[in-house]
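Chain order of the listed sequences is A and B.
Residue numbering for the first sequence follows full-length UniProt numbering, starting at 1 and increasing by one per position.
Residue numbering for the second sequence follows full-length UniProt numbering, starting at 1 and increasing by one per position.
Below: one structure, written as structure tokens.
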Amino acid sequence: MHTPVTRRTAARTGALLALALAAGTTAACSAPGPAANAPAADSTPTAVSTSLPTTPVTLKLYDGQGLKSVDDALIAAFTKQHPNVTITATYDPDNVTTQNQPRQLASSTPPDLVRVISVTAGTKNNLLTNLDAYATAYGWDELPASQLAQFRAKDGVAGAGSLYAKASGFTMTGLYYDKKVAASLGMTTPPASLDELSSWMTRAKAAGVTPMVVANKEGGGVFPFQLIINSAMGPKKVSEWVFNAPGATIDTPEAVAAATTVAGWNKAGLFPGSVNALDATAADALFASGKALFFPWGNWDAANLDKTMPGQVGFFAMPPASAGGQVAAMSDAATAFGIPARSQHKDAAAAFLNFLSSDEARQIAVDHGFMPSGGADQAQPSIPSGSVLGDVTSAFAKVSAAGGQVPFVQNATAGISNRAWTPESQLLLGGSSTPQTFVANVQKSYEDELKR
Amino acid sequence: MSVAPGLRRGDTVTAPTSRPATARPAERATTRRWARPQRSRAQWAGWLFALPALLMYAVFELRPILTAVQCSFYDWDGISAATPVGVANYTRVFTEPQLLASIVHSLVLIVFFTVLPVILGLAVASVVREIRSTWAGAAARTLMFLPQIIPGAASAIAWTWMYSPDGAVNQLLRALGLGSLTRAWLGDFTWALPAVGIIGTWLATGLCTLLLMAGIGKIDTSLYEAASLDGASRLQQFRAITLPGLRAEIGVCVTITVIAALASFDVVFMSTQGGPGYSTQVPGVQVYQLAFTENRIGQSSALAVVLSLLVLAVVLPLQRVFKEK
């Protein structure tokens, strides 16, 4: 039996269809981005308290997967001290946090503790809580200045101004070396100057081992370059560049000289032959093969090297141009935790930030391979004997005391690593570019991105 | 419910499909008055069935496309308020040498993603056609299709290992006494793009072979018999029978693989990320990096729109070429 479809029903169906299509597409009509009347959040609290609420409170924490073990340990220790606080953590794969963190921060119900990747991006839209009032209340100003400078910002420039984050620990970079290979060459103490380093590399080449393991498929060639400019340009100038200080430039004679040195090392065959095709895993394997002398890399590999080459690996901070000069290293936060402006539990979250530089938290950081946050007058965390981590920690103490903590140049802007550092360093080491073009192109890309 | 006047008599009228196909012209003339609602009834009922699919299409296809087009006229970081910038994002696509170079790379990839697989597919399909054993034929089909079921990202990783300085490719070259040719394939400015292309060839050949074998199966075997009785060689048979008979299938192969080449992402992203230098950068990877690592949604959308138009500009004329006569 047929139910006749009338014109009206037909019209109704038509309207329904049009409505459906419209519903599917209309949202695209307004300008992208939040509405102008989005609720304002309190990004600069003044009435702060260092005492925790007595009622149960649940904090949400967001971080990268790679930091899960250290974060879990910190959370366990903190909540043991404060049983009425519960912290539920969410972890994303590390390479995804860069993309997801800005969205987490911008959410109307953000986590209470969040990994801060770019302080300036977080402050730009008033999404991060200004921690100055907490810093005064808790006395964080007594911490070494270079441990907090990275998390300060003022008028869109990081490095100085109000505090927006606090670190759970620090990374540390420098040169690993194979003690067995070094001994066979006659190297008993780490080189004290750049020239000395070069001469050991030349001798290693003559002995048939790879003098320096550099993996440039993902831009690892920038490592030795920055290690050199950290002391040649000085930590202040390099940091200012990363923090986008007005007028900062990497196109300096010191940087050109550093690029010349690195390109020269590669040309002299002091890097692996396939430097542009080598990734971090392959570099690790090459160093672990026991046929390489130096490996410019960081603390994150210490536990792995202890396992694959127990007792055989040493570490030292990059030597300055001449013995006794400025020592420096790329060293940023394991995780810099900040409090989103829309968090409802700022006092409790700040108590967690304060806990991060306690003796207990320092030991947890070191146990997980990171350098401890906090002052030199605090108790030194214990390190298992024979671990390369002992060398890394003492190098960090030396660099920290010299005010030599520098952020990574790859973090200067969101796009600079992909857009400039990696491809340009590949062109440099591949012999298709000159040291001057290398720094000039990076600087151009940097300026393009900042003025957009 | 009120009924349109013309329909009152329609109670006795059956659906158009059951109307006698041999209706005389005079009868048709009398039914025309109320045939219109009948037609629209069928029409609208059809649309109603399509509604769920249409809704999904509108929400998950049309809307994102329109949003991307809209975003391409803004400078937007994905979070804060967007500022309209006119066509500045498009100007940049066509003036920034790296963005332009990435489009050229994707055109080069067509050689590896389309031309080689179709030629190889034709060769393999012609040979397999002559394999009488069903077992061997099935085995050949399975082996050829195997790459197609492996995700592009996974095969890119496997190929990265094979291309590594001590990987299978270089080992093979050394075993053949061609040690002088060994190199770090993906780290070489000249060879990285062809090396990435070969991964695409490996992925696409199976699909093309399978499609072309199915096509060959449809060609009347008596044509081949007649041709061979007339003394036509294998090559002549291929040119006169196989090739024209496969016109439509080749068209499908070319269309799918050209789109895969121009919009390539997974293989390049997992094997080189565009390096060394800028030598394997393609628009697909650029779109991703601009949007998700650099938070430049507007610029990324503009490049994506240009990429879509480029795909259409290449694929639409191809449709015409391969249209069956």
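Built from N, CA and C at the ideal position, the CB exists for glycine as well.
Could you give the C-beta distance for Leu105(A) and Gly122(A), rounded to a whole number, given that I count them as a contact under 8 Å? Indeed, because the Cβ distance is near 6 Å, the residues count as touching under 8 Å.
Helix, strand or coil for Val87(B)? Go by DSSP, reduced to three states. Note: Val87(B) maps to coil in three-state DSSP.
Below 7 Å CB to CB, which residues in the same chain sit around His105(B) once its five sequence neighbours on both sides are set aside? Counting only Cβ-Cβ distances below 7 Å, and skipping sequence neighbours, we find Leu193, Thr280, Gln281, Val282.
Give me the chain B residues within the contact set of Leu450(A), using Cβ-Cβ distance strictly less than 9 Å, ordered along the chain. By Cβ distance, chain B contributes nothing, its closest Cβ being about 12 Å from Leu450(A), past 9 Å.
Jot down the residue ranges of each uninterrupted beta strand (DSSP E) in the region 38 to 111 of chain A, minimum 3 residues, whole runs only, in chain order. Those beta strand (DSSP E) runs which fall completely within the region 38 to 111 of chain A and span 3+ residues are 57 to 64, 85 to 92.
Assigned secondary structure, Ser162(A) (DSSP; H/G/I helix, E/B strand, else coil): Annotated three-state conformation of Ser162(A) is strand, per DSSP.
With respect to the alpha helix (DSSP H) encompassing Tyr177(A), which residues constitute its N-terminal and C-terminal limits? Not the alpha helix (DSSP H): Tyr177(A) falls in the beta strand (DSSP E), residues 173 to 178.
Could you check if Gly374(A) is buried or exposed, using at least 16 other CB atoms within 10 Å of its CB as the buried criterion? That one is buried.
Following the continuous alpha helix (DSSP H) through Ala302(A), name the residue where it begins and the one where it ends. Run containing Ala302(A): 302 to 308, per the alpha helix (DSSP H) assignment.
For Gln81(A), which residues of its own chain have a beta-carbon under 8 Å away from its beta-carbon, when the five flanking residues on both sides are left out? For Gln81(A), where only same-chain residues beyond five positions count, the Cβ hits under 8 Å are Phe355.
Of the residues Ser155(B), Leu116(B), Ser271(B), Asn295(B), which one's Cα is nearest the Cα of Val254(B)? The shortest Cα separation from Val254(B) among Ser155(B), Leu116(B), Ser271(B), Asn295(B) belongs to Leu116(B).
On a Cα-Cα basis, can you pick out the residue from Asn89(B), Ile79(B), Val118(B) that is closest to Gln70(B)? Minimum Cα distance to Gln70(B) is reached at Asn89(B).
Answer yes or no: does any C-beta atom of chain B fall closer than 9 Å to that of residue 455(A)? Outside the modelled stretch of chain A, which goes from 1 to 452, sits residue 455(A), for which no answer is possible.
Please name the residue in Lys346(A), Ala47(A), Lys180(A), Leu74(A) whose C-alpha comes closest to that of Gly311(A). Ranking the options by Cα distance to Gly311(A), first place goes to Lys180(A).
Nearest candidate by alpha-carbon position, reference Thr109(A), set Asn441(A), Val409(A), Asn95(A), Ala341(A): Closest option to Thr109(A), Cα to Cα, is Ala341(A).
Do Ala158(A) and Ile364(A) have their beta-carbon atoms positioned less than 9 Å apart in this structure? No; because the gap between Cβ atoms is not below 9 Å, this pair is not in contact.
By the criterion of Cβ-Cβ separation under 7 Å, what are the contact partners of Ser274(A) in chain B? Chain B residues near Ser274(A): Pro165, Ala184, Gly187.
Chain-ordered neighbours of Tyr90(B) on chain A, where CB pairs are closer than 8 Å: Result: empty, since nearest Cβ-Cβ is about 15 Å, beyond 8 Å.
Quick one: does Arg419(A) have its CB under 9 Å from some CB of chain B? Chain B contact via Cβ: present.
For Ala227(B), which residues in the same chain have their Cβ closer than 8 Å to its Cβ, ignoring the five residues on either side in sequence? Counting only Cβ-Cβ distances below 8 Å, and skipping sequence neighbours, we find Gln236, Gln237, Ala240, Ile241.
CA-CA distance, Gly208(A) and Phe292(B)? Linking Gly208(A) to Phe292(B) through their CA atoms gives a straight-line distance of about 43 Å.
Pull up the distance between the alpha-carbon of Leu107(B) and that of Val222(A), whole angstroms please. So the two alpha carbons sit approximately 31 Å from each other.
Does DSSP classify Leu338(A) as helix, strand or coil? For the record, residue 338(A) in the displayed sequence is Gly; it is not Leu. Correct three-state label for Gly338(A): strand.
Please classify Gln344(A): is it buried, with 16 or more other beta-carbons within 10 angstroms of its beta-carbon, or exposed? So Gln344(A) ends up on the exposed side.
Please state whether DSSP places Thr262(A) in a helix, a strand or coil. Rather than Thr, the amino acid found at residue 262(A) in this sequence is Val. Here Val262(A) sits in helix by DSSP.
Do you know how far the Cα of Thr257(B) is from the Cα of Gln171(B)? About 30 Å.
Proximal residues of chain B, C-beta to C-beta of Gly269(A) below 9 Å: Within chain B, no residue comes near Gly269(A); the closest Cβ sits about 15 Å away, beyond 9 Å.
Got a sec? Which residues, its chain only, sit under 8 Å from Lys267(A) by beta carbon, not counting five neighbours each side? Closer than 8 Å at the Cβ level, and outside the excluded window around Lys267(A), lie Gly431.
By DSSP, does Met56(B) sit in helix, in strand, or in coil? In this structure, Met56(B) counts as helix in the three-state DSSP scheme.
If you drop the 5 nearest sequence neighbours on each side, which residues of the same chain put their C-beta closer than 8 Å to that of Asp347(A)? So the qualifying residues of the chain are Val48, Ser49, Thr50, Ser51, Leu52, Pro53.
I want to know whether the region 247 to 254 of chain A touches the region 297 to 317 of chain A - three or more CB-CB distances under 8 Å. Under the three-pair Cβ rule at 8 Å, the region 247 to 254 of chain A does not count as touching the region 297 to 317 of chain A.
Does chain A have any CB closer than 9 Å to the CB of Ala154(B)? So no, Ala154(B) is outside the interface.
The region 403 to 412 of chain A touching the region 197 to 212 of chain A, judged by at least three CB pairs closer than 8 Å: Short answer: they don't touch.
Kindly say whether Leu127(A), judged by its beta-carbon, lies nearer than 9 Å to any beta-carbon of chain B. Flagged as an interface residue toward chain B: Leu127(A), by a C-beta distance shorter than 9 Å.
Could you tell me how far apart the beta carbons of Phe337(A) and Ser162(A) are, in whole angstroms, since I believe they sit closer than 8 Å? Actually they are not in contact, since the Cβ atoms of Phe337(A) and Ser162(A) sit about 16 Å apart, beyond 8 Å.
Where Pro235(A) sits in the DSSP three-state scheme: Three-state DSSP puts Pro235(A) in a helix.
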